[in-house]
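**Student:**
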Amino acid sequence: MNQSQLICCILDIGELLLTSGAEISRVEDTILRICRSYQFERCDVHAINSSIILTGQLPGALPETQLRRIYSFKTNLNTVQSVNELSRYICQNTPDIELIQQRLEAIRSEKGYGAWVMHLAYAVVASSFSLFFGGRAAECLLSAVSAVVICFLGRQLQAVGINKMVQSFLLSAACTVIAVMSCWIIPNLDYDKIIIGNIMLLIPGLAFCNGLRDLIVGDTISGGLSLSEALLSALAIAFGFAIVWMPMRILL
Numbered sequence: 037m038n039q040s041q042l043i044c045c046i047l048d049i050g051e052l053l054l055t056s057g058a059e060i061s062r063v064e065d066t067i068l069r070i071c072r073s074y075q076f077e078r079c080d081v082h083a084i085n086s087s088i089i090l091t092g093q094l095p096g097a098l099p100e101t102q103l104r105r106i107y108s109f110k111t112n113l114n115t116v117q118s119v120n121e122l123s124r125y126i127c128q129n130t131p132d133i134e135l136i137q138q139r140l141e142a143i144r145s146e147k148g149y150g151a152w153v154m155h156l157a158y159a160v161v162a163s164s165f166s167l168f169f170g171g172r173a174a175e176c177l178l179s180a181v182s183a184v185v186i187c188f189l190g191r192q193l194q195a196v197g198i199n200k201m202v203q204s205f206l207l208s209a210a211c212t213v214i215a216v217m218s219c220w221i222i223p224n225l226d227y228d229k230i231i232i233g234n235i236m237l238l239i240p241g242l243a244f245c246n247g248l249r250d251l252i253v254g255d256t257i258s259g260g261l262s263l264s265e266a267l268l269s270a271l272a273i274a275f276g277f278a279i280v281w282m283p284m285r286i287l288l
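Residues 37 to 288 (this note's numbering) are what the sequence shown spells out, left to right.
(1) Could you give the residue range of the beta strand (DSSP E) that holds residue 100?
(2) Take the Cβ of residue 76 as the centre, count every other Cβ of all protein chains shown within 10 Å, and call the residue buried at 16 or more, exposed below.
(3) Going by C-alpha to C-alpha distance, which of 79, 230, 94 and 181 sits closest to residue 157?
(4) With a CB to CB cut of under 6 Å and the five nearest residues on each side skipped, what residues in its chain are close to residue 118?
(5) CB-CB under 8 Å to residue 100, same chain, minus the five flanking residues each way: which ones, in chain order?
(6) Do residue 183 and residue 233 have their C-beta atoms within less than 9 Å of each other?
(7) If you run the structure through DSSP and keep just helix, strand and coil, what is residue 115?
(8) Going by the beta-carbon positions, is the gap between residue 179 and residue 151 smaller than 9 Å?
(9) Tell me whether the beta-carbon of residue 59 lies closer than 9 Å to the beta-carbon of residue 228.
(10) Among residues of its own chain, excluding the 5 on either side of residue 215, which ones have a beta-carbon nearer than 6 Å to its beta-carbon?
(11) Applying the criterion that 16 or more other CB atoms from any shown protein chain within 10 Å of the CB defines a buried residue, is residue 281 buried or exposed?
(12) From residue 265 to residue 243, what does the alpha carbon distance come to, in whole angstroms?
(13) For residue 120 versus residue 57, is the C-beta distance shorter than 9 Å?
What follows is the structure in structure tokens.
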């Protein structure tokens, strides 16, 4: 079996896990288990949020190191589950590289949720949070409407490759504008109940939880990076809200 191709294929698996929202410990553990199943004499892996480095050595071959740079993320826990199932199959059966690549391509080609499902989910979640924090029917409805707008804008910003922090800032500012303008048009609305339902959609909960989990298992660097990313996203959300709300509140 070609060592270079096998290491590249294993890195494909790790990359797909990392870019789909898996924690660092899961990525490293999956790579190590696959390498052991192929009887690597030497296997060292180091993963952080932006890269994966793998050094492997098959019996009778020289050690080889490959690096995979990670540029973008798209959270999809269905993909994480599918790759986990594939990794278990690989560890049990050690298939050829061609079969692994075919299975990976099938996972990549899986269709996610459609746009209308995402818009509906955003509306339901935003209105639920608005209701939870004391919003009335009107605030819940407007929170759902603004969530649909946020979902649409978020998909457009992601499509053109806008930085994640900038996305959080712009989306937070947009939902604040919608809430404040709604209060201008419809009297006696509680705009903070509208805003909070949409702000909760932007909170980087996955990055925060993954960061804590990585810290707990001893991955200090990757855990610190994930927590820093969550903190910066939270600050971007706060600034997006403040930069719109502070001047507009005078007119309320």
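For each residue, glycine too, the CB sits at the ideal point set by N, CA and C.
**Tutor:** Taking the definition as stated:
(1) 100-105
(2) buried
(3) 181
(4) 143
(5) 39, 40, 43, 91, 92 and 93
(6) yes
(7) helix
(8) no
(9) no
(10) 227, 230 and 231
(11) buried
(12) 7 Å
(13) no
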